[in-house]
Amino acid sequence: MKHGHITDLEETELALVELSPAEEKRILRKVDWLLVPQLTILYLMAFLDRSNIGNAKIAGMTEDLKLVGLDYNIALTTFFVSYSLFEVPSNMLLKLVPAGLWIAGIMVAWGVIMTLMGITQSKEGLYAARFFLGVAEAGLFPGATYLLTLWYKRYEVQFRMAIFYFGASLSGAFSGLLAFAITKMDGVSGLGGWRWIFILEGIATVVIGCIALFTLPGGPLNAKFLNKVERQFIISRLQVETGSGRGRVTNEDPITMAHFWSAMKEWKIWVAVLTWWANSVTVYGFTYTVPSVIVELGYSAANAQLMTIPIYLCALLGVLFCAWISDKYQTRAYVIAAAYYFGAAGFLALIFVPHPGLPGLTYGLLFPAATGIYSGLIPTLGFIANNLAPSSKRAVGMGLLVSMGNLGGGLIGSNIYLDRMKPHYYVGYGFCFSIMIVGATCALVLRWAYKRINDKRDRMTEEEIRAKYTESELLALGDRSPLFRYAY
Numbered sequence: 000m001k002h003g004h005i006t007d008l009e010e011t012e013l014a015l016v017e018l019s020p021a022e023e024k025r026i027l028r029k030v031d032w033l034l035v036p037q038l039t040i041l042y043l044m045a046f047l048d049r050s051n052i053g054n055a056k057i058a059g060m061t062e063d064l065k066l067v068g069l070d071y072n073i074a075l076t077t078f079f080v081s082y083s084l085f086e087v088p089s090n091m092l093l094k095l096v097p098a099g100l101w102i103a104g105i106m107v108a109w110g111v112i113m114t115l116m117g118i119t120q121s122k123e124g125l126y127a128a129r130f131f132l133g134v135a136e137a138g139l140f141p142g143a144t145y146l147l148t149l150w151y152k153r154y155e156v157q158f159r160m161a162i163f164y165f166g167a168s169l170s171g172a173f174s175g176l177l178a179f180a181i182t183k184m185d186g187v188s189g190l191g192g193w194r195w196i197f198i199l200e201g202i203a204t205v206v207i208g209c210i211a212l213f214t215l216p217g218g219p220l221n222a223k224f225l226n227k228v229e230r231q232f233i234i235s236r237l238q239v240e241t242g243s244g245r246g247r248v249t250n251e252d253p254i255t256m257a258h259f260w261s262a263m264k265e266w267k268i269w270v271a272v273l274t275w276w277a278n279s280v281t282v283y284g285f286t287y288t289v290p291s292v293i294v295e296l297g298y299s300a301a302n303a304q305l306m307t308i309p310i311y312l313c314a315l316l317g318v319l320f321c322a323w324i325s326d327k328y329q330t331r332a333y334v335i336a337a338a339y340y341f342g343a344a345g346f347l348a349l350i351f352v353p354h355p356g357l358p359g360l361t362y363g364l365l366f367p368a369a370t371g372i373y374s375g376l377i378p379t380l381g382f383i384a385n386n387l388a389p390s391s392k393r394a395v396g397m398g399l400l401v402s403m404g405n406l407g408g409g410l411i412g413s414n415i416y417l418d419r420m421k422p423h424y425y426v427g428y429g430f431c432f433s434i435m436i437v438g439a440t441c442a443l444v445l446r447w448a449y450k451r452i453n454d455k456r457d458r459m460t461e462e463e464i465r466a467k468y469t470e471s472e473l474l475a476l477g478d479r480s481p482l483f484r485y486a487y
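Residue numbers (numbering that gives the first Met the number 0): 0 to 487.
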């Protein structure tokens, strides 16, 4: 008797393409050079455009728009409401619209919105611009990371994700440097320096997005920069990426509501959301507040912009190192836990250091805090992306993880560093410490759960499995197939 959920997927012959190691490496490098740098630049601009409000704040925006009390925090929060709500729908559209076209198109849209933010005349206008910026940016991160899973195997994709994601770390450095330079335009055409930050960075985003419309590839099935053999090589090597060396998965499945509900009911995604919060709560609170923290240590606003640069460069090195070691040793949970425990130690120390009495020490402690924040995110994303199949379930699941992670993280992170608590920020530092401990612990719980399932499946023989399921049923089961093994 046959079991399992049967879909319209056909039983098709698997046409593996065997090439020499040199030829395989050549094809992957070809993909690397066209895909990864473009995604990196796109995400650098996305994070720059969402976080430059922190630089605008200390460059005169607060006074010009008459922001008082929680007005600034409301502007931060508004972005995350729309950003989080539209991530899952956007990722589902990636299965219906060419991925490259969709990602480049939304970039042009948020660049226009960012430019218009530079001419807003009221706090209400700022709120509206931040809301629509969230709508437009929602599809980039989950969409771009999902796109990478269509090209690379499970222990290849994470380092590529890290190279792409370091745009976020790098944007922190660029943000301070650009803001330092752009604010020198204060008074040009009668506009404040903070307005030029939004206008010029928005125009740059539109230009880059227009270029990407013609150069960013979608999935490998219709990639014009590859020949037929190269496309078949990329597709076939991912079809057998089940972790067990047996069976196969698919990236060409049409999305249905069954995939949506399958992801929604996957409890491991919801546990991973708490691990995601260890990044999202801390990174958004940290990014929007760190220039103010440095100013309160006695440094000028201009110097504070520049002094954020080394912090983010250190975080960048942590992102690349953790992703590299996670792929090299094929482990996810231990790397996540180590990164977040390291960051938590930095926040714990910040709680007890007198402010602003020891400015050098306080500034120094921002480095381990930032490094821990950023370094654990990509292994968390890889953790979930590696363990969701078929691709439609992965698209929804990755969108759900990022959506819920950013919704909670953005809402909380935007409201834990309050002006009335400066220069100590005990609540902000304390909450970041606590959520990083929770995130690390949840990663270890997931490792235990995945390993337990793998051990149970290892006790089944392939003969037993194929006596119960047809090939199409196993393919439809995706990560629930007895032939699939989880990465942990």
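A virtual CB, placed ideally from N, CA and C, is assigned to each residue, including glycine.
No experiment lies behind these values; they were computed from the predicted model shown.
8 Å or more divides the Cβ of W266 from the Cβ of G404. One alpha carbon belongs to P219, the other to A336, and they sit about 34 Å apart.
Judged by DSSP in its simplified three-state form, P20 adopts helix. DSSP places V67 in the coil class of the three-state scheme, outside both helix and strand. Nearest in C-alpha terms to G189, of all of V156, K223, G117 and T255, is G117. For Y145, same chain residues with a beta-carbon under 7 Å away, outside a window of 5 residues either side, are N90, L93, R393, A394 and M397 in chain order. As for any alpha helix (DSSP H) of minimum length 4 sitting wholly inside the segment 51 to 117, the runs are 52 to 55, 70 to 84, 86 to 92 and 98 to 116, ordered along the chain. The residues G242, S243 and N453, in chain order, have a CB closer than 6 Å to that of R484 in the same chain once the five nearest residues on each side in sequence are set aside.
Per DSSP, K183 lies in no alpha helix (DSSP H) and is assigned neither H nor E. Going by beta carbons, G371 and M435 fall inside the 8 Å limit.
Taking C-alpha positions only, L315 is separated from S374 by approximately 8 Å. Check the Cα spacing between G363 and each of I308, N414, L319 and N386: the tightest is with I308. C-alpha of I26 to C-alpha of A161: approximately 20 Å in a straight line.
With fewer than 16 other Cβ atoms inside 10 Å of its own Cβ, A466 counts as exposed.
Setting aside the 5 residues that flank it on each side, I293 is surrounded in the same chain by A303 and M306, each with a C-beta closer than 6 Å to its C-beta; the list follows chain order.
Around the Cβ of M113, a 10 Å sphere holds 16 or more other Cβ atoms; the residue is buried. For L347, same chain residues with a beta-carbon under 7 Å away, outside a window of 5 residues either side, are F432 in chain order. Counting the other Cβ atoms within 10 Å of the Cβ of V187 gives fewer than 16, which makes it exposed. Between I464 and the set R479, K450 and R451, the nearest pair of CA atoms involves R479. Listed in chain order, the alpha helix (DSSP H) runs fully inside the segment 409 to 458 are 425 to 457, counting runs of at least 4 residues.
G359 and G133 have their alpha carbons spaced roughly 36 Å apart. For the set L177, F131, W109 and K29, the Cα lying nearest the Cα of T76 is the one of F131.
Judged by their CB atoms, P20 and V401 are not nearer to each other than the 8 Å cut-off. Pairing A486 with R153 gives a Cβ-Cβ distance under 8 Å.
For T379, the enclosing alpha helix (DSSP H) stretches over residues L376 to A384. Burial is judged here by how many other beta carbons sit within 10 angstroms of a residue's own beta carbon; E229 has at least 16 and is buried. Between E23 and K223, the alpha-carbon positions lie close to 18 Å from each other. Within the model, the alpha-carbon separation for V30 versus L296 is close to 46 Å.
Listed in chain order, the non-local C-beta contacts of L33 below 7 Å within the same chain comprise P216 and F224, local neighbours out to five positions each way being set aside. Taking a C-beta distance under 8 Å as the contact criterion, L47 and S174 qualify as a contact pair. For L41 against L149, the beta-carbon gap comes to about 16 Å, at or over 8 Å, which does not count as contact.
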